[in-house]
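Numbering (the working numbering), first residue to last: 934 to 1010.
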């Protein structure tokens, strides 16, 4: 059974840890992380969009979505 409650209970296998240890990394904030860049490009392609933006949490993604849809002074109920 796969437990999808939270990523805080994930137990990566040794093979998964090995792949993570070998991964190229960079600063994703500056667009320098090849894994994050590839994820964003893949998601943009899947949805037929020009670009995608990785957010570390669903809360942040929701906040960005709401902020993009309402003007200052407007409210979302």
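Backbone N, C-alpha and C fix where the C-beta goes; we use that ideal spot for every residue, glycine too.
For residue j and residue i, the rounded distance between their alpha carbons
i	j	result
residue 993	residue 947	31 angstroms
residue 985	residue 975	8 angstroms
residue 936	residue 961	28 angstroms
residue 965	residue 1008	36 angstroms
residue 972	residue 1003	27 angstroms
residue 953	residue 945	10 angstroms
residue 998	residue 939	22 angstroms
residue 951	residue 957	12 angstroms
residue 995	residue 963	22 angstroms
residue 1010	residue 1001	15 angstroms
residue 983	residue 989	20 angstroms
residue 1006	residue 943	41 angstroms
residue 934	residue 991	24 angstroms
Rounded Cβ spacing between residue i and residue j (contact assumed at less than 8 angstroms)
i	j	result
residue 980	residue 969	Residue 980 to residue 969, Cβ: 17 angstroms. No contact.
residue 978	residue 967	Not really, about 16 angstroms apart at Cβ, beyond 8 angstroms.
Residue i: CB within 7 angstroms of a non-hydrogen atom of the ligand MN
i	result
residue 984	This structure simply doesn't include the ligand MN, nor any ligand for that matter.
>> In chain order, what are the residue ranges of uninterrupted alpha helix (DSSP H) at least 4 long that sit wholly in the segment 936 to 983?
In response: DSSP runs (the alpha helix (DSSP H)) wholly in the segment 936 to 983: 947 to 955, 967 to 979.
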